[in-house]
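In full-length UniProt numbering, the protein residues as written are 1 to 378.
Cβ coordinates follow ideal geometry from the N, Cα and C atoms, glycine included.
Remember, it's a predicted structure, so these values are computed and weren't measured experimentally.
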């Protein structure tokens, strides 16, 4: 009886530990999927809008993320299936827990390598670069005024925090990239540090701290053993003595920058924080002194942008194509990113039927990367 009880207790400990690792793996897998989708979104934006080539290291990481995610999901499914049967021995529980730990470590390791400042290169030259799209009217129609407004905010002392908001696909990241690149290209810009952080939906303060740490050149090996508060103290110690521009892309909720160690911009340090978000509420929570709403393009400008990317010759090649092309452009809902990417996807479609097929696809699904793949195949 005593031996059976001891065995049962030991098994319960294994099961409890196993369940804990299952939850950790579920969370880590979801975070990796989120990060992978965000990196792919950036890559596609540059590839579709500017015909650039993704870096090999980025492509390798994306493949690794896909494989690790699929394997982790398969493992979790098998775990759920085996847990429904009561015949699992203590030995099999122990083996499964070891596999869980190994897969969890792998997913976390791949996730830790998923922060890229640069994701593409100029395919003609081969050198990696952060791409500026300023003065490229065919790609940034409707965005120049916003970019100029943000740039002016960077040059005045009475605005420290700038919030750029609007619906997804309206061009917020494009504008933020333009301003970031313009600063990087002007070596005498007056800023000691220009820092870009991709925040995304799953807010991770430690990841933000790690990105800032790399940008400010703090390479002490003791960093990884520091607490969040100690990291914040070190970041504050360095940034409080310098003028910095911090760009935060894709903010979904308030980022406690003080907790991260970022000194608030003021008239004395003349630093700047610029962020993008879909929410006016986030602008308020972040304390934005200047809020800039990005609007969809009016129909005439949207149609012009679509025609430039699909090609005037293609659009006018057949009366039926012209009519359907307008309907396809209307499905892009005035969003520059959709107008550019879908316009270019349609540039090779030369028959009215191909355009009608595209309209059918867009009528049943909003413009996204899956839709673009369908358009490419049709």
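Host alpha helix (DSSP H) of residue i (start-end)
i, result
"residue 280", "280-285"
"residue 357", "352-364"
"residue 145", "144-155"
"residue 236", "228-239"
"residue 170", "Where residue 170 is concerned, there is no enclosing alpha helix (DSSP H), given that its DSSP letter is neither H nor E."
"residue 339", "336-345"
Residues of its chain near residue i, where Cβ-Cβ distance is below 6 Å and the 5 sequence neighbours each way are ignored
i, result
"residue 24", "104"
"residue 199", "248, 250 and 251"
"residue 137", "Per-residue confidence for residue 137 stands at a pLDDT of 39, beneath the threshold of 50, marking its modelled position as unreliable; the derived number appears in the next sentence. Once the five neighbours on either side are set aside, residue 137 has no close Cβ partner at all."
"residue 284", "none"
"residue 261", "232, 235 and 236"
"residue 36", "65"
"residue 216", "193 and 238"
"residue 334", "296, 297 and 302"
"residue 354", "none"
"residue 343", "306, 309 and 310"
"residue 219", "none"
Contacting residues, own chain, Cβ-Cβ under 7 Å from residue i (five flanking each side not counted)
i, result
"residue 113", "61"
"residue 42", "119"
"residue 149", "292"
"residue 91", "At residue 91 the pLDDT is 49, less than 50, meaning the model places this residue with poor confidence and gives no usable figure here."
"residue 146", "175, 292 and 294"
"residue 265", "160, 161, 271, 272 and 273"
"residue 151", "179 and 182"
"residue 364", "none"
"residue 356", "324"
"residue 95", "none"
"residue 189", "183"
Contact set for residue i: own chain, Cβ-Cβ below 8 Å, skip 5 residues either direction
i, result
"residue 110", "32, 61, 64, 65 and 68"
"residue 256", "205"
"residue 192", "242, 243 and 244"
"residue 173", "42, 45, 249, 250 and 276"
"residue 26", "76"
"residue 74", "none"
"residue 157", "267 and 270"
"residue 352", "318, 320, 321 and 324"
"residue 107", "25, 28, 29, 32, 68, 69 and 72"
"residue 228", "205, 206, 209 and 259"
"residue 55", "116, 118, 119, 120, 121 and 128"
"residue 290", "153, 159, 161, 162 and 163"
"residue 99", "75"
Residue i vs residue j beta-carbon contact at 8 Å
i, j, result
"residue 306", "residue 164", "no"
"residue 154", "residue 232", "no"
"residue 34", "residue 202", "yes"
"residue 303", "residue 326", "yes"
"residue 101", "residue 38", "no"
"residue 58", "residue 116", "yes"
"residue 286", "residue 316", "no"
"residue 314", "residue 350", "yes"
"residue 336", "residue 171", "yes"
"residue 279", "residue 263", "no"
Residue range of the unbroken beta strand (DSSP E) whose run includes residue i
i, result
"residue 163", "161-165"
"residue 116", "Residue 116 -> no beta strand (DSSP E), and no H or E assigned at all."
"residue 333", "From DSSP, residue 333 is part of no beta strand (DSSP E); its letter is neither H nor E."
"residue 52", "Here residue 52 belongs to no beta strand (DSSP E), and DSSP marks it neither H nor E."
Whole-number beta carbon distance between residue j and residue i, since they are thought to touch under 8 Å
i, j, result
"residue 161", "residue 288", "5 Å"
"residue 359", "residue 328", "5 Å"
"residue 309", "residue 340", "5 Å"
"residue 311", "residue 347", "5 Å"
Contact with chain D by residue i, beta-carbon distance below 8 Å
i, result
"residue 62", "Among the chains in the structure shown there is no chain D, since it carries only a single protein chain."
Problem - Those runs of the alpha helix (DSSP H) which lie wholly inside the segment 175-222 and span at least 4 residues - result: Inside the segment 175-222, DSSP marks whole alpha helix (DSSP H) runs of 4 or more residues at positions 205-215, from first to last along the chain.
Problem - 3 or more residues per run - each beta strand (DSSP E) lying fully within the segment 253-329 - result: Here the runs fully enclosed are 272-277 and 290-293.
Practice task
Identify every run of the alpha helix (DSSP H) within the segment 55-79, keeping only runs that are complete inside it and at least 4 residues long; order them along the chain.
Solution key: Qualifying alpha helix (DSSP H) stretches: none in this window.
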